[in-house]
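> In my numbering, the protein residues as written are 1027 to 1164.
All C-beta atoms in this analysis are idealised placements derived from N, C-alpha and C, irrespective of residue type, glycine included.
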Amino acid sequence: MAVLDRPLAPLDDRRIDLINQTLAAEDTEHDMVLTLRLGSAAHAAGEAGDGEGEQALGFVARLLLIHIEGLDHERPAAAASVLPRNDPNEAELEAMCLLAERVTKPIARARIADLVWQKARDHRMAALAVKAYLEAGA
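(1) Give a yes or no on whether 8 Å exceeds the smallest Cβ distance from E1078 to chain B.
(2) For the alpha helix (DSSP H) containing I1042, name the first residue and the last one.
(3) If you draw a straight line from the alpha carbon of E1120 to that of L1037, how long is it in whole angstroms?
(4) Beta carbon of D1057, beta carbon of L1090: below 8 Å?
(5) Going by beta carbon distance, what residues of the same chain come within less than 6 Å of D1148, once the five residues before and after it are set aside?
(6) Helix, strand or coil for A1164 per DSSP?
(7) If you draw a straight line from the alpha carbon of L1062 to that of A1068, how long is it in whole angstroms?
(8) Taking A1162 and E1073 to be in contact with their CB atoms under 8 Å, please state how far apart those CB atoms are, rounded to whole angstroms.
(9) Quick check: the Cα distance between A1044 and M1122, rounded to an integer number of angstroms?
(10) Do the CB positions of L1125 and I1138 come within less than 8 Å of each other?
(11) For G1084, which option in D1053, E1116 and L1049 has the closest C-alpha, if you only look at C-alpha atoms?
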C-alpha cells in the first residue's frame, strides 16, 4: 500500500514551487513547525479547489512526520526508519527522489533524502541527506 490513499499527481514545477514557497514562509529548520505550515497550506489549497496542490503539500507534510530512528540523540546508533503503516509505492518513491533534489529547505530535503535512503538504499540520496543535514545545522 502507498503513503497516500490515492495516486500521487505528478509533481511539476508549479507544485514544487508551491512546496518551496510554503516551506520558505517559516524561518526555521524545525520539522514539526514546517509540517504544521504544510498541513495548513494543504488545507487552504483544498478549500480553494486546488486538489493537486493540497495533495502535494499533504504528501510532504506526511513525509516530515515520519519518525527516523537515529535522529534521536539518545539512540544515535539506530539506523532503521519507522515508516507509517503504508510504505511508499514506486511512484511515491520517485516523487520523493525528485523532492529531495528540488526542495530548497535544508531540513526537509535532508529528511526526504534520508527516507529514500532508508527505503531504497540509494547512495546518492544518502549523500544528499548528509549534506542537507549539515546545511540545516549550520
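A quick look at the data gives this:
(1) Absence of chain B from the displayed structure is noted, only one protein chain being present.
(2) Taking the first residue of the sequence shown as position 1, residue 1042 is located at position 16. Per DSSP, I1042 is one residue of the alpha helix (DSSP H) stretching across D1039 to A1050.
(3) Taking the first residue of the sequence shown as position 1, residue 1120 is located at position 94. Taking the first residue of the sequence shown as position 1, residue 1037 is located at position 11. When rounded, the distance between both Cα atoms is 10 Å.
(4) Walking along the sequence shown from the start, residue 1057 turns up at place 31. Walking along the sequence shown from the start, residue 1090 turns up at place 64. A contact, by the Cβ cut-off of 8 Å.
(5) Along the sequence shown, read from residue 1 onward, the residue named residue 1148 stands at position 122. Closer than 6 Å at Cβ, skipping near neighbours: V1142.
(6) As a working mapping, residue 1164 is identified with position 138 in the sequence shown. The answer is coil: DSSP assigns A1164 none of H, G, I, E or B.
(7) As a first step, residue 1062 must be located in the sequence shown, where it is residue number 36. As a first step, residue 1068 must be located in the sequence shown, where it is residue number 42. Taking the straight line joining both Cα atoms gives about 10 Å.
(8) Counting from one through the sequence shown, the residue named residue 1162 turns up at place 136. Counting from one through the sequence shown, the residue named residue 1073 turns up at place 47. The beta carbons of A1162 and E1073 sit about 31 Å from each other, so the pair does not count as a contact at 8 Å.
(9) Position 18 of the sequence shown, counting from 1, holds the residue named residue 1044. Position 96 of the sequence shown, counting from 1, holds the residue named residue 1122. The residue you asked about is not Ala; residue 1044 is Leu in the sequence shown. When rounded, the distance between both Cα atoms is 16 Å.
(10) For the purposes of this step, residue 1125 is taken as residue 99 along the sequence shown, with counting starting at 1. For the purposes of this step, residue 1138 is taken as residue 112 along the sequence shown, with counting starting at 1. Here L1125 is near I1138, since their CB atoms are less than 8 Å apart.
(11) By one-based count along the sequence shown, residue 1084 stands at place 58. Comparing Cα-Cα distances from G1084 to each of D1053, E1116 and L1049, the minimum goes to L1049.
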